[in-house]
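K.L.:
Just so we're aligned: 390 in my numbering is position 18 of the sequence shown, and the numbers increase by one with no gaps anywhere. Got a structure for you, questions after.
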Amino acid sequence: MQEGNIIVSEVDFVRLMAIQPHPSLRAELERAIVIPVESIRTDVVTMNAHVHYRDEKTGLDREVTIVFPEEADIQQGKVSILAPVGAALIGLSAGQAIDWEFPDGTERRLTVIAVEQADSTSRAGANHPH
Numbered sequence: 373m374q375e376g377n378i379i380v381s382e383v384d385f386v387r388l389m390a391i392q393p394h395p396s397l398r399a400e401l402e403r404a405i406v407i408p409v410e411s412i413r414t415d416v417v418t419m420n421a422h423v424h425y426r427d428e429k430t431g432l433d434r435e436v437t438i439v440f441p442e443e444a445d446i447q448q449g450k451v452s453i454l455a456p457v458g459a460a461l462i463g464l465s466a467g468q469a470i471d472w473e474f475p476d477g478t479e480r481r482l483t484v485i486a487v488e489q490a491d492s493t494s495r496a497g498a499n500h501p502h
């Protein structure tokens, strides 16, 4: 999939594993470096981060926010962590790329161009309206 390990906060790791992710995402999470949320660098793709990335196959740049499934809204650019793009980008940092297989059988190389973090409470997963 990718060279090097992804970085995931303890909070994101626990919530993501609890939603029973697809085997490919689960495999990435299981080999991730899991660290306290306050130690996550601001250029790392976390849950609720706004990500500018390029699909190297199509040459298209996109901006999305990676969210939990119940918050997904493609019209607002909110992509579920369970969607192929969300699963591919989580844990990468600006400048990193990953080769990820999509449901249609194609493999795409996604490159993170920039990451903008939500405030620290939403990064910690504590800012969810119920």
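Glycine residues also receive a C-beta, built at the ideal position from the N, C-alpha and C atoms. Just so you know, these numbers come straight off a predicted model, no measurement behind them.
#1: Select from GLU479, ALA459, SER411 and ARG480 the residue whose C-alpha is nearest the C-alpha of ALA393.
#2: For the beta strand (DSSP E) that VAL409 lies in, which residues bound it at each end?
#3: Taking DSSP as the reference, what is the three-state secondary structure of VAL380?
#4: Based on DSSP bridge pairs, tell me the residues matched to ASP427.
#5: Would the stretch 388-407 count as touching the stretch 421-438 if we require 3 or more Cβ pairs under 8 Å?
#6: Identify, in the order they occur along the chain, each residue of the same chain with its Cβ nearer than 6 Å to the Cβ of SER465, setting aside the five sequence neighbours on each side.
#7: How is the beta strand (DSSP E) around GLU473 delimited, first residue to last?
#8: Which value, in whole angstroms, describes the spacing of the CA atoms of GLU443 and SER411?
#9: Please name the residue, chosen from THR437, ILE462, VAL457 and HIS422, that lies closest to ARG403 on a Cα-to-Cα basis.
#10: Candidates VAL406, GLU479 and VAL436: which alpha carbon is nearest VAL383's?
#11: Roughly how many whole angstroms lie between the Cα atoms of ARG426 and GLU488?
P.N.:
Inspection of the coordinates gives the following:
#1: Your numbering for residue 393 matches position 21 in the sequence shown. Checking the sequence shown, residue 393 turns out to be Pro, not Ala. Of the listed residues, the one whose Cα sits closest to PRO393 is ALA459.
#2: As a position in the sequence shown, residue 409 is number 37, starting the count at 1. Note, VAL409: premise wrong, no beta strand (DSSP E); not H, not E.
#3: As a position in the sequence shown, residue 380 is number 8, starting the count at 1. Residue state, collapsed to three classes: strand.
#4: Residue numbering aside, residue 427 sits at position 55 when the sequence shown is read from its first letter. Its beta-bridge partners are LEU432 and LEU482.
#5: no
#6: Residue 465 sits at position 93 when you count from the first residue of the sequence shown. Taken in chain order, the residues that qualify are ASP415 and VAL416.
#7: Counted from its first residue, the sequence shown places residue 473 at position 101. Where GLU473 is concerned, the enclosing beta strand (DSSP E) stretches over 469-473.
#8: As a first step, residue 443 is located in the sequence shown; it is residue number 71 there, counting from the start. As a first step, residue 411 is located in the sequence shown; it is residue number 39 there, counting from the start. So the alpha carbons of these two residues sit roughly 25 Å apart.
#9: On the sequence shown, position 31 is the one that residue 403 refers to. Of the listed residues, the one whose Cα sits closest to ARG403 is ILE462.
#10: Against the sequence shown, residue 383 aligns to sequence position 11. Selected option, being the one with the closest Cα: VAL406.
#11: On the sequence shown, residue 426 is found 54 positions in, with the first residue counted as 1. On the sequence shown, residue 488 is found 116 positions in, with the first residue counted as 1. Going from the Cα of ARG426 to the Cα of GLU488 covers about 15 Å.
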